[in-house]
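The structure under discussion appears below in the form of structure tokens.
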Amino acid sequence: MGEYEVAPEQMNYELSQKFYFEAAHTLHREVDAEGSRRVHGHTYHAQIFVRGRPDPTTRMVVDLGLLRREIEHVRDQLDHRFLDEVPGLGAATLEGLCAFIYRSLSRALPNISKVRVERPASGDCCDLDSATAIMD
Numbered sequence: 002m003g004e005y006e007v008a009p010e011q012m013n014y015e016l017s018q019k020f021y022f023e024a025a026h027t028l029h030r031e032v033d034a035e036g037s038r039r040v041h042g043h044t045y046h047a048q049i050f051v052r053g054r055p056d057p058t059t060r061m062v063v064d065l066g067l068l069r070r071e072i073e074h075v076r077d078q079l080d081h082r083f084l085d086e087v088p089g090l091g092a093a094t095l096e097g098l099c100a101f102i103y104r105s106l107s108r109a110l111p112n113i114s115k116v117r118v119e120r121p122a123s124g125d126c127c128d129l130d131s132a133t134a135i136m137d
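As structure tokens, then:
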């Protein structure tokens, strides 16, 4: 390697895993208040990003089996649910979903760098950057 080259094991990598869920909710807001307060549903796409250097032994930033298993636990709490009744979620906004997913996964996956939740039909998207996340 040249003088300024960095070995691949010294680089940071970012992996991601997507998952999908269908859910219903209500919202209490000022704009479009009546429509938002009615029960309505969405198809959500979520993506979990994990950043770090590969483990010297496994050469993995994260075991994708572990990542998928932990995501499935969260997905089970959200998929085909009435989000207003999910314990610990709070307001079922895109921001609230990002925070809930981050809190649910961060103990088992401490190197989460970002959580993204989208509603593709409406083009809405929210990213939670864990570098700036302040969680209760």
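Counting from 1 along the sequence shown, just add 1 to a position and that's the residue number in the working numbering.
Every residue gets a Cβ at the ideal spot worked out from N, C-alpha and C, and that includes glycine.
Query raised in the report: For residue 100, is the classification buried or exposed, using 16 other Cβ atoms within 10 angstroms of its Cβ as the cut-off for buried?
Result: buried
Requested in this report: Give the range of the alpha helix (DSSP H) segment to which residue 78 is assigned.
Outcome: 65 to 79
**Report entry** Own chain residues within Cβ distance below 6 Å of residue 130, not counting five before or after
**Finding:** 115
Query raised in the report: Excluding the five sequence neighbours on either side, which residues of its own chain have a C-beta within less than 8 Å of the C-beta of residue 109, listed in chain order?
Result: 67 and 71
Requested in this report: Flag this pair as yes or no: are the beta carbons of residue 49 and residue 83 separated by less than 9 Å?
Outcome: no
Requested in this report: For residue 56, name the three-state secondary structure that DSSP assigns.
Outcome: coil
Report task. Please name the residue, chosen from 76, 77, 75 and 97, that lies closest to residue 85 on a Cα-to-Cα basis. Result -> 97
Query raised in the report: What are the residues that DSSP puts in a beta bridge with residue 17?
Result: 50
Report task. Mind checking which residues open and close the beta strand (DSSP E) that includes residue 107? Result -> Run containing residue 107: none in the beta strand (DSSP E); it sits in the alpha helix (DSSP H), 95 to 107.
Query - Backbone secondary structure at residue 6 - three-state DSSP - result: coil
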